[in-house]
Amino acid sequence: MAVLIPSYEPTERLAAVVRGVRLLDPAMPVLVVDDGSGPSYEAQFDEARAAGAEVLHLPCNRGKGAALKVGLYRLLATRPGQDVVTADSDGQHTPSDILAVARATAGQSALVLGCRGFTGDVPPASRFGNAVSRWLFRLAAGFAVSDTQTGLRGIPSGLVGWASTIPGDRFEYEQNMLLRCSATGVTVREVPIETVYFDHNSGTHFRPIADSVRVILPLLLFAGSSLASFAVDTVVFAALYGLTGWIAASIVGARLLSAGVNFVLNGAVVFRSGGQLPRKVAGYVLLAVALLGASIAGTTGLVALGLPALAAKILTESALFLVSYQVQRRLIFTDREVPNPPKRYSEESGGETDDAPAVRRRARQAGTTKPRTSAIRMSRTIQSPSSEVTS
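If you use my numbering, the sequence shown corresponds to residues -18 to 372, in order.
Dropping the structure here:
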């Protein structure tokens, strides 16, 4: 077990968190990743190091997600097969809650979330932001999480490799992790924790507009893909219906073309799912047939009630939107097998493992390459494509 804390421009609370964890559990390793805070914050990281943490420094700010992945890569290299608990550096996660999540994670296969109850003196913006985030998440993921923005998470050893491959360099990384849980068969467990805010959450680096857009980007991409396909479907339907006056034939012709557009966009852009093409095509065809039947039945029924054909078509397709999203996310564009942790560098063997090039490719996506065998030790330097990550 190890605790991983990403940190950008921290206050003295960072050292207090490290000190508190080490006081409650002196054997607990703590890794702090400085996300390019700069020379002005060296004192805070020196205090964290003095409190017992290992500190890695990124040369520039790359975002919370990138910092977390750098830390996960480091722990995969130095502490393979161990659980990881991620926590924030601003003091919102108390040492006792961090260790409670660690205990809940031990021996489990589920992703463990330390969830706040948002009771007491909670800043209105934080209360509102979490409520909106919960609603959007349930809409996108199909299951509910009480605190989607929590950074206190227990990642079992079998999921650390999986977590290190999730896309996203900033706050959207944590949301992407949750969105991928149901698609990959990862269960989520919640542990209640204390709700703590300092100075009305003035120390947060969460940017309400930019980071909220990043958080809901997967749903926005699907909506964009669906709207593009919907536009194709509607235009073709209108043209065919104008020529034939036959609702069913017009829907079939429009759906054949729009379905092809939708399949390509969803596979390549929205869900970024590769491989197993025959299975995905078969699943998508079955879904398209089911949605086609529902579309014909719904549109025909609404027309019989007196609605114009085009209006009936729009209302029916709007109702089928979320059904299509959930089925594609959970059943079609997904891989139910959780990836094993990538093979790392072997300090004992004195060389790289067979999968080392793949590890470096994943590392570059997070903004850094991985240490070779000689760089695993805390006193060495991890090379980056454009600069260095130092410890």
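Where a beta carbon is used, it is the ideal one built from N, C-alpha and C, also for glycine. None of these values were measured; they are calculated from a predicted model.
Presumed contact (8 Å Cβ cut-off) between residue i and residue j, rounded CB distance
{"i": "Ile232", "j": "Ser276", "result": "6 Å"}
{"i": "Val66", "j": "Ile79", "result": "6 Å"}
{"i": "Gly46", "j": "Ser90", "result": "The Cβ separation is near 23 Å, so there is no contact."}
{"i": "Asp150", "j": "Arg43", "result": "6 Å"}
{"i": "Leu12", "j": "Ser77", "result": "So it is not a contact: roughly 20 Å between Cβ atoms."}
{"i": "Phe118", "j": "Ser207", "result": "Contact doesn't hold; Cβ gap of about 18 Å is too wide."}
{"i": "His74", "j": "Gly95", "result": "7 Å"}
Sub-8 Å separation of residue i and residue j beta-carbons
{"i": "Val242", "j": "Ala271", "result": "no"}
{"i": "Arg60", "j": "Pro10", "result": "yes"}
{"i": "Val82", "j": "Leu133", "result": "yes"}
{"i": "Val(-1)", "j": "Gly33", "result": "yes"}
{"i": "Gly142", "j": "Leu267", "result": "no"}
{"i": "Ser163", "j": "Gly226", "result": "no"}
{"i": "Val245", "j": "Gly234", "result": "no"}
{"i": "Leu288", "j": "Ala219", "result": "no"}
{"i": "Ala378", "j": "Asp69", "result": "This structure cannot speak to residue 378, because the chain is shown only from -18 to 372."}
{"i": "Gly135", "j": "Thr165", "result": "no"}
{"i": "Val304", "j": "Ile228", "result": "no"}
Residue i - containing beta strand (DSSP E), residue span
{"i": "Asp128", "result": "Premise fails: Asp128 is in no beta strand (DSSP E) and is neither H nor E."}
{"i": "Ala(-17)", "result": "-17 to -12"}
{"i": "Glu35", "result": "35 to 38"}
{"i": "Thr315", "result": "That residue, Thr315, is in no beta strand (DSSP E); it is neither H nor E in DSSP."}
{"i": "Cys162", "result": "Counting along the chain, Cys162 falls outside any beta strand (DSSP E), though it belongs to the alpha helix (DSSP H) covering 153 to 165."}
{"i": "Ile136", "result": "134 to 136"}
{"i": "Asp15", "result": "11 to 15"}
{"i": "Thr67", "result": "65 to 67"}
Opening and closing residue of the alpha helix (DSSP H) in which residue i lies
{"i": "Thr59", "result": "45 to 59"}
{"i": "Arg170", "result": "Counting along the chain, Arg170 falls outside any alpha helix (DSSP H), though it belongs to the beta strand (DSSP E) covering 169 to 174."}
{"i": "Ile295", "result": "290 to 308"}
{"i": "Leu283", "result": "258 to 285"}
{"i": "Val(-1)", "result": "-6 to 5"}
{"i": "Arg97", "result": "Segment 92 to 97 is the beta strand (DSSP E) holding Arg97; no alpha helix (DSSP H) there."}
{"i": "Ile232", "result": "228 to 246"}
Distance between residue j and residue i (C-alpha atoms, nearest Å)
{"i": "Ala212", "j": "Thr280", "result": "17 Å"}
{"i": "Leu296", "j": "Val36", "result": "55 Å"}
{"i": "Ser327", "j": "Gly205", "result": "Note that Ser327 has pLDDT 33, beneath the 50 cutoff, so the model's placement of it is unreliable and the number below is only indicative. Near 45 Å, if we compare the C-alpha coordinates of Gly205 and Ser327."}
{"i": "Lys50", "j": "Ser145", "result": "5 Å"}
{"i": "Thr315", "j": "Ser239", "result": "21 Å"}
{"i": "Ser311", "j": "Arg253", "result": "The sequence given here has Arg at residue 311, not Ser. Each residue's Cα considered, the two are about 13 Å apart."}
{"i": "Asp27", "j": "Asn157", "result": "32 Å"}
{"i": "Leu39", "j": "Pro20", "result": "12 Å"}
{"i": "Asp214", "j": "Val250", "result": "19 Å"}
{"i": "Lys294", "j": "Ala230", "result": "13 Å"}
{"i": "Gly282", "j": "Phe203", "result": "27 Å"}
{"i": "Arg342", "j": "Tyr222", "result": "At Arg342, the pLDDT of 48 sits below 50, so the modelled position is not reliable; the number obtained from the coordinates is stated separately. If you take the alpha carbons of Arg342 and Tyr222, they lie about 51 Å apart."}
{"i": "Phe152", "j": "Pro7", "result": "30 Å"}
{"i": "Ala(-17)", "j": "Asp64", "result": "6 Å"}
{"i": "Glu(-7)", "j": "Val14", "result": "15 Å"}
{"i": "Pro383", "j": "Ala278", "result": "Beyond the ends of the chain as shown, which are -18 and 372, falls residue 383; an answer cannot be given."}
{"i": "Gln257", "j": "Val167", "result": "20 Å"}
{"i": "Tyr265", "j": "Cys41", "result": "43 Å"}
{"i": "Leu(-15)", "j": "Arg55", "result": "10 Å"}
{"i": "Glu171", "j": "Gln309", "result": "26 Å"}
{"i": "Arg3", "j": "Gly88", "result": "22 Å"}
{"i": "Lys261", "j": "Leu286", "result": "37 Å"}
{"i": "Ala300", "j": "Gly248", "result": "22 Å"}
{"i": "Arg115", "j": "Leu201", "result": "16 Å"}
Chain-order list of residues whose beta-carbon lies under 7 Å from that of residue i (same chain, five-residue window excluded)
{"i": "Arg97", "result": "Asp128, Thr131, Ile174, Thr176"}
{"i": "Gln307", "result": "Gly123"}
{"i": "Tyr22", "result": "Glu(-10), Pro(-9)"}
{"i": "Ile147", "result": "Tyr154, Asn157, Met158, Arg161"}
{"i": "Glu298", "result": "Phe211, Ser276"}
{"i": "Gly62", "result": "Ser138"}
{"i": "Gly72", "result": "Arg(-6), Ala(-3), Val(-2), Val177, Phe179"}
Any C-beta of chain D under 8 Å from that of residue i
{"i": "Leu273", "result": "Of the protein chains in this structure there is only one, and it is not chain D."}
Residues near residue i in its chain [Cβ-Cβ closer than 6 Å; skip 5 each side]
{"i": "Ala(-4)", "result": "Glu28, Ala29, Ala32"}
{"i": "Val113", "result": "none"}
{"i": "Gly1", "result": "Pro76"}
{"i": "Leu273", "result": "Arg236"}
{"i": "Leu224", "result": "none"}
{"i": "Ala125", "result": "Arg119"}
{"i": "Ser18", "result": "Tyr(-11), Glu(-10)"}
{"i": "His186", "result": "Low local confidence applies: a pLDDT of 49 at His186 is under 50, so the model's placement there is unreliable, with the coordinate-based value given in what follows. For His186, where only same-chain residues beyond five positions count, the Cβ hits under 6 Å are Tyr(-11)."}
{"i": "Gln25", "result": "Pro(-9), Leu(-5)"}
{"i": "Arg84", "result": "none"}
Nonlocal neighbours in the same chain, by C-beta distance under 8 Å from residue i, ignoring five residues either side
{"i": "Ala269", "result": "Arg236, Ala240"}
{"i": "Ala263", "result": "none"}
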